[in-house]
Structures are given as C-alpha cells and as structure tokens.
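Student: Pasting a structure below so you can have a look.
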Amino acid sequence: MFRDKIIHFCEEYLRTKNFNDYCHNGLQVEGKSEVQRIVGGVSISTRLIEEALRLKAQMLIVHHGFFGNSIPQPPVIRGVTKLRLKTILENDLNLCGFHLPLDAHPQIGNNASLCRLLGLKNLKPYDVGFIGELNRALKRDDFLRKVNMLLKTQSMILDYGPKMIRKVCVISGGASPSYEGAFVAGADTLLCGDIQEYVVRGVEECGMNLINAGHYNTEKLGVENLLKLLSKKFKIETHFVDIPCNV
Numbered sequence: 001m002f003r004d005k006i007i008h009f010c011e012e013y014l015r016t017k018n019f020n021d022y023c024h025n026g027l028q029v030e031g032k033s034e035v036q037r038i039v040g041g042v043s044i045s046t047r048l049i050e051e052a053l054r055l056k057a058q059m060l061i062v063h064h065g066f067f068g069n070s071i072p073q074p075p076v077i078r079g080v081t082k083l084r085l086k087t088i089l090e091n092d093l094n095l096c097g098f099h100l101p102l103d104a105h106p107q108i109g110n111n112a113s114l115c116r117l118l119g120l121k122n123l124k125p126y127d128v129g130f131i132g133e134l135n136r137a138l139k140r141d142d143f144l145r146k147v148n149m150l151l152k153t154q155s156m157i158l159d160y161g162p163k164m165i166r167k168v169c170v171i172s173g174g175a176s177p178s179y180e181g182a183f184v185a186g187a188d189t190l191l192c193g194d195i196q197e198y199v200v201r202g203v204e205e206c207g208m209n210l211i212n213a214g215h216y217n218t219e220k221l222g223v224e225n226l227l228k229l230l231s232k233k234f235k236i237e238t239h240f241v242d243i244p245c246n247v
C-alpha cells in the first residue's frame, strides 16, 4: 500500500486542517513509500521506535510525536531528538503524528471513546472533549473504581464536588485547566489526564470533582482505534504497542 494514500486518508478522516495545533499533524518524517505493516503507540520514544523496527513496520503512528519544542525554529537537533531521528532515518521508517485531531474526533477520538467506555450519553462537544451524562447518578467512589478498572489506571481525585456524580466533562491528557469552563457548562466532574497545582484551589472553590486518570491512560484509545480502522480499510497489518506509564 502506498504511504501517501494512507496519510491522505488519515488527514481527511481526522480533519487535520481544522486544527491550530503546536505540532504537524500528518507525516513528520518520510520513510519508505510502500507500507505493509503499521505500528502505533501513544508517545514517540526510543523503545517504541525499536519495537516498530522489531515488528518490521514501515510506518509508526503516534499521538505525541515531534512537537515544536522538540525541533524548534530555526531547527536545532540534538540530545534525545537527535538519537530518535537518527534511528528513524537510518531505517527509512515513516513517522506520523496526530495530536488534537485524534483527541477531538467524534467517532474514534480519545474523548469520544472514553465517553462510550464510561457509558456517558447526550454528549455535547466541549473544547476537544465532551460533556455527557450517566444513565443514573453514581456514587463518586463507584465511578472512580469504574474509571480505574476500565482504563487500568490508578486515578488521583480532587473530591470537592458532589458525592453523587451525574454530569461529566471528559478531556483527555493535560486538561485540568479546563475545570472552570466545564463547571460553568454544568459538569459536576472533570475527567482528564493531569492535575496542575494551580488549579487545585479553583476546583475546590467551584465545588466540583476532578479525576486525573493519567495522561497516557486517557490517550491510548484514539491510536488503537485508528490502527483498527486502517487495518480494515487497507487490509494491512497493524500493531498497537503499549508501553505503560502511570503519569
């Protein structure tokens, strides 16, 4: 399968042109023009690159690829970035990154997938995530256990909100600063992937709950779903590589 056909499909399906992101969404490093096997993961790393090569992949798709601070303008390539690029280039491996488009996509994105997994209904877009409702209110401790079980994580919670959870805002990754807008929009709980120190008192003053389920563990589903879609559409082999990270 031609590399460019796969990339064009991803860019169109994920509507990458609709996003003002701080990385390039699409092909970040050009490799072989023919692709028979794709490996995917959450974040670019030497371990992930080496696993893609071990699996004899011609393309690596990640959620967190090379961002602006990895290769500033004008370009400065050194340290970890140099080592990763060296391995990628020496092995003619294609690297594709899809960041905000893979958070926001209403079918396969991280946030839509999290909402489905948690059983949230009546979804309304909020930022790159959604606000939805549980079929019935759940005790806060029961909802937290559900999150931990389904995402295989150990969440940290700021439990300043109602003990019965009904309306949840879901924004994967580093979204704790979105708590105030989520509260104004009616959410009693924000589920995200981080907690910034400066938001703690604000969350308390809003009287809401904030659940940090981990940046990594809230952003696996999008890449997994994209790989399944590509495998089905192009009849090619795909593998998701899980490199666990509790952050």
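Numbering (the UniProt record's numbering), first residue to last: 1 to 247.
Here a beta-carbon is modelled for each residue, glycine too, at the ideal position from N, C-alpha and C.
Source: prediction; values computed, not measured.
Check the C-beta distance from Cys-169 over to Cys-96 and give it rounded, since I have them as a contact under 8 angstroms.
Tutor: Their Cβ separation, rounded to whole angstroms, is 29 angstroms, which puts Cys-169 and Cys-96 out of contact at 8 angstroms.
Student: Going by beta carbon distance, what residues of the same chain come within less than 8 angstroms of Ser-155, once the five residues before and after it are set aside?
Tutor: Answer for Ser-155: Leu-144, Val-147, Asn-148, Ile-211, Asn-212, Ala-213, Gly-214, listed in chain order.
Student: Between which two residues does the beta strand (DSSP E) containing Asp-159 stretch?
Tutor: Taken as a continuous stretch (DSSP letters only), the beta strand (DSSP E) holding Asp-159 covers 156-159.
Student: In chain order, what residues of the same chain have a beta carbon less than 6 angstroms from the beta carbon of Lys-163, not counting five sequence neighbours either side?
Tutor: Cβ within range, chain order: Arg-140.
Student: Going by DSSP, name the residue or residues bridged to Val-170.
Tutor: In the DSSP output, where bridge partners are listed per residue, Val-170 has Phe-130, Leu-191.
Student: Using CA atoms only, rank isn't needed, just tell me which of His-105, Lys-124, Pro-125, Val-241 is closest to Ala-52.
Tutor: Of His-105, Lys-124, Pro-125, Val-241, the residue nearest in Cα terms is Val-241.
Student: Can you have a look at Tyr-179 and say buried or exposed, based on whether 16 or more other CB atoms are within 10 angstroms of its CB?
Tutor: Classification for Tyr-179: buried.
Student: If you reduce the DSSP assignment to three classes, tell me which class Val-35 lands in.
Tutor: Note: Val-35 maps to coil in three-state DSSP.
Student: Leu-48 to Asp-92, Cα distance in whole Å?
Tutor: In a straight line, the C-alpha of Leu-48 is about 15 angstroms away from that of Asp-92.
Student: Kindly indicate which three-state DSSP category Pro-101 falls into: helix, strand or coil?
Tutor: Residue state, collapsed to three classes: helix.
Student: Please check the pair Asp-21 and Leu-102, which I expect to be a contact at CB under 8 angstroms, by giving their CB distance rounded to whole angstroms.
Tutor: With a Cβ gap of about 10 angstroms, Asp-21 and Leu-102 do not count as contacting.
Student: Between Gly-222, Gly-186, Ser-172, Asn-209, which lies nearest to Asp-194 when the distance is taken from Cα to Cα?
Tutor: Looking at the Cα atoms, Ser-172 is the closest of the given residues.
Student: Could you tell me whether the Cβ atoms of Ile-236 and Leu-229 are closer together than 8 angstroms?
Tutor: The answer is no: Cβ separation not under 8 angstroms.
Student: How would you label Asp-4, buried or exposed, when you count the other beta carbons within 10 angstroms and need 16 or more for buried?
Tutor: It is exposed - the Cβ of Asp-4 has fewer than 16 other Cβ atoms within 10 Å.
Student: Does the beta-carbon of Gly-129 have 16 or more other beta-carbons within 10 angstroms, so that it is buried, or is it exposed?
Tutor: The residue in question, Gly-129, is buried, as its Cβ has 16 or more Cβ neighbours within 10 Å.
Student: The beta strand (DSSP E) spanning His-63 covers which residue range?
Tutor: Segment 59-64, the beta strand (DSSP E) holding His-63.
Student: Distance, Cα to Cα, Gly-68 vs Asn-25?
Tutor: Each residue's alpha carbon lies about 12 angstroms from the other.
Student: Give the DSSP-derived three-state secondary structure of Leu-138 in the structure shown.
Tutor: Leu-138 falls in the strand class under three-state DSSP.
Student: My guess is that Asn-135 and Gly-161 are in contact by the Cβ rule of under 8 angstroms, so how many angstroms apart are they, rounded?
Tutor: Not confirmed; about 19 angstroms, so no contact.
Student: Which stretch, first to last residue, makes up the alpha helix (DSSP H) that contains His-239?
Tutor: No alpha helix (DSSP H) holds His-239; the beta strand (DSSP E) holding it covers 237-240.
Student: Quick one: measure Cβ to Cβ for Arg-2 and Glu-34, integer angstroms, because I've assumed they're closer than 8 angstroms.
Tutor: Note on identity: in this sequence residue 2 is Phe, with Arg being the wrong assignment. Correct: roughly 7 angstroms between the Cβ atoms.
Student: Taking the CB atoms as reference points, tell me whether Lys-82 and Gln-58 lie closer together than 8 angstroms.
Tutor: Taking 8 angstroms as the Cβ cut-off, Lys-82 and Gln-58 do not qualify as a contacting pair.
Student: Measuring straight from C-alpha to C-alpha, what distance separates Gly-222 and Val-203?
Tutor: Going from the Cα of Gly-222 to the Cα of Val-203 covers about 28 angstroms.
Student: Within the same chain, show all residues whose beta-carbon is closer than 7 angstroms to that of Pro-106, passing over the 5 residues directly before and after it, in chain order.
Tutor: Ala-112.
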